[in-house]
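This report concerns only the one structure given below.
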Amino acid sequence: MTTDLLPALTAHVMATAHANPRTCHCATATLAAREDATVVRHAGTVAKAHAPDADPAELTLRLTVATRLPGILLPPLTPTPTELHGRLVTHWPYGTPVDPDDPDAAPWEAAATLLALLHRAPAPTAVPPMRGPAKAAHAIALLRATAPDHPATAPVLHAWATLPPWARGEAPMPDTATLCHGDLHLGQLIRHPAHNGPWLLIDVDDLGTGVPEWDLARPAAWYACGLLAPDEWHRFLTAYRTAGGPAVPPDGDPWTALDAPARALTAQTAARAVTKAVAAGRPLDEVERSLVDACARMGPVCPPAPSS
Amino acid sequence: MQCPKCRAPMHTYNRNGVQIEQCSGCRGIFLDYGELESLTRLESQWSQPAPPAPPAAPQAYPAAPAPAWGAPHGGHHGHHRHKSFGHMLFSS
Chain A
1 MTTDLLPALT AHVMATAHAN PRTCHCATAT LAAREDATVV RHAGTVAKAH
51 APDADPAELT LRLTVATRLP GILLPPLTPT PTELHGRLVT HWPYGTPVDP
101 DDPDAAPWEA AATLLALLHR APAPTAVPPM RGPAKAAHAI ALLRATAPDH
151 PATAPVLHAW ATLPPWARGE APMPDTATLC HGDLHLGQLI RHPAHNGPWL
201 LIDVDDLGTG VPEWDLARPA AWYACGLLAP DEWHRFLTAY RTAGGPAVPP
251 DGDPWTALDA PARALTAQTA ARAVTKAVAA GRPLDEVERS LVDACARMGP
301 VCPPAPSS
Chain B
1001 MQCPKCRAPM HTYNRNGVQI EQCSGCRGIF LDYGELESLT RLESQWSQPA
1051 PPAPPAAPQA YPAAPAPAWG APHGGHHGHH RHKSFGHMLF SS
């Protein structure tokens, strides 16, 4: 059970980090303790207990991709997951994350360049589909179940209804070859070796083949909702194009490509915000309202112009 | 916010998702960047149910393109980063 998982995972990571953990005085830190992931660090080793419904075969394929694409993704310490208290556990070297207290120092260029490299890399093994649309659909289902009468729910569901079936996880994605991360945000970047090493992408849980525009769509949605400064969005987009990323045309308006996935990420983020606010019994804050307002403004999606 | 013309307080109104500020004294209206385009677009949507491609709205001055459903920039979150957004940057 979850209550037993953290101490067990802590003992496990200590045993993984050292041949003889009893003699060590290294610090142990819990890096994340969510329903879908528990992450513990000891010395230079990190152990992650994945979501209870994680599939061992699919996770192993995703680990293989990370092993085969060093320089883009952080390679795991062990090629396959182990099992602990009914959860799949993977092992990783520790790297320095983006400082959450200093988001102005966020490595937007590095994030975009790594995505472009990932999108251009031939898949080193057969991988399952990227899970972005499925996760968005889950957030919408949770909104429907937990906040059916909240005034923000109707505009979010309206925005969701404007999306093509693939973006709602209801049909296969139109791209089944491009490698995608599936869940990009600033918590998905670390420097390895710690402090001075290059930036790398982490968290392969949603990685797979799919529509690469999805990986740009969260920053795009933040920008569209007026949350991410135009300068940061410009730096991100320019670095992606400079690195030859295939998701957007090399110049001109990127929104023909980004519109549908950015709508999906806006609706997903709004759905999560409303669900969380309802659970906490509080009103939406200004940032959360700006997501819902964007949902309310969404008209029908125009089909992308055929590429010339 | 104070009216730049007569210094009376300005009140915020929401018109179809577009926030406009109107002066309580001289009744003058202040539009944030991009809001004029949003209002124009809403007006055209009113008479024409299927609008053309979103990024077609002309910009008041050169700026990165954004979708029609986007928020006007330079508005409420332009310069300082809201704590809630700081958290959002790091979450799924």
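From first to last, the protein sequence lines stand for chains A and B.
Each residue of the first sequence is one higher than the one before, counting from 1 in our numbering.
Each residue of the second sequence is one higher than the one before, counting from 1001 in our numbering.
All residues carry an ideal CB built from backbone N, CA and C; glycine is no exception.
Predicted, not measured: the structure shown is a model, and the values here were computed from it.
- DSSP, read as helix, strand or coil, puts C1023 (chain B) in strand.
- Interface flag for F1030 (chain B) against chain A is unset, since no Cβ pair is found closer than 8 Å.
- If you look at T45 (chain A), you'll find it isn't in any alpha helix (DSSP H); it sits in the beta strand (DSSP E) that goes T45 to A49.
- In the three-state reduction of the DSSP assignment, F1085 (chain B) falls in the helix class.
- In the DSSP assignment, I190 (chain A) falls outside any alpha helix (DSSP H) and lies within the beta strand (DSSP E) extending over L189 to R191.
- Of all C-beta pairs linking the segment 104-112 of chain A to the segment 165-177 of chain A, fewer than three are shorter than 8 Å, placing the two stretches out of contact.
- Judged by DSSP secondary structure, E232 (chain A) falls within the alpha helix (DSSP H) whose first and last residues are P230 to T242.
- Straight-line spacing of the CA atoms in T275 (chain A) and L142 (chain A) works out to 7 Å.
- For the pair I190 (chain A) and T96 (chain A), the CB atoms are nearer than the 8 Å cut-off.
- In this structure, L201 (chain A) lies away from V89 (chain A), with their beta-carbon atoms at least 8 Å apart.
- The three-state reading of DSSP puts P261 (chain A) in helix, counting H, G and I together.
- Residue burial is scored here from C-beta neighbours: A116 (chain A) has at least 16 other C-beta atoms within 10 angstroms and is therefore classed as buried.
- K135: these are the residues of the segment 130-152 of chain A whose beta carbon lies less than 8 Å from some beta carbon of chain B, given in chain order.
- A buried status is given to T45 (chain A), since no fewer than 16 other beta-carbon atoms sit within 10 Å of its beta-carbon.
- Boundaries around P155 (chain A) are those of the alpha helix (DSSP H), T153 to A161, since no beta strand (DSSP E) includes it.
- Counting only runs of at least 4 residues, the segment 50-95 of chain A fully encloses the following alpha helix (DSSP H) elements, listed from N- to C-terminal order: 56-68.
- The criterion of a C-beta distance shorter than 8 Å is satisfied by L59 (chain A) and P81 (chain A).
- Secondary structure at G208 (chain A): strand, using DSSP grouped into helix, strand and coil.
- Put simply, the backbone Cα of A47 (chain A) is about 32 Å away from that of P172 (chain A).
- Out of A:T209, A:E35, A:P70 and A:P148, the CA that lies nearest to the CA of P128 (chain A) is found in A:T209.
- By the C-beta density criterion, R218 (chain A) is buried, having at least 16 other C-beta atoms within 10 angstroms.
- Contact between the segment 259-272 of chain A and the segment 227-235 of chain A is absent, with fewer than three C-beta pairs closer than 8 Å.
- Burial is judged here by how many other beta carbons sit within 10 angstroms of a residue's own beta carbon; Q188 (chain A) has at least 16 and is buried.
- Not a single C-beta of chain B is nearer than 8 Å to the C-beta of D215 (chain A).
- With a threshold of 16 other beta carbon atoms within 10 Å, G252 (chain A) falls short and is exposed.
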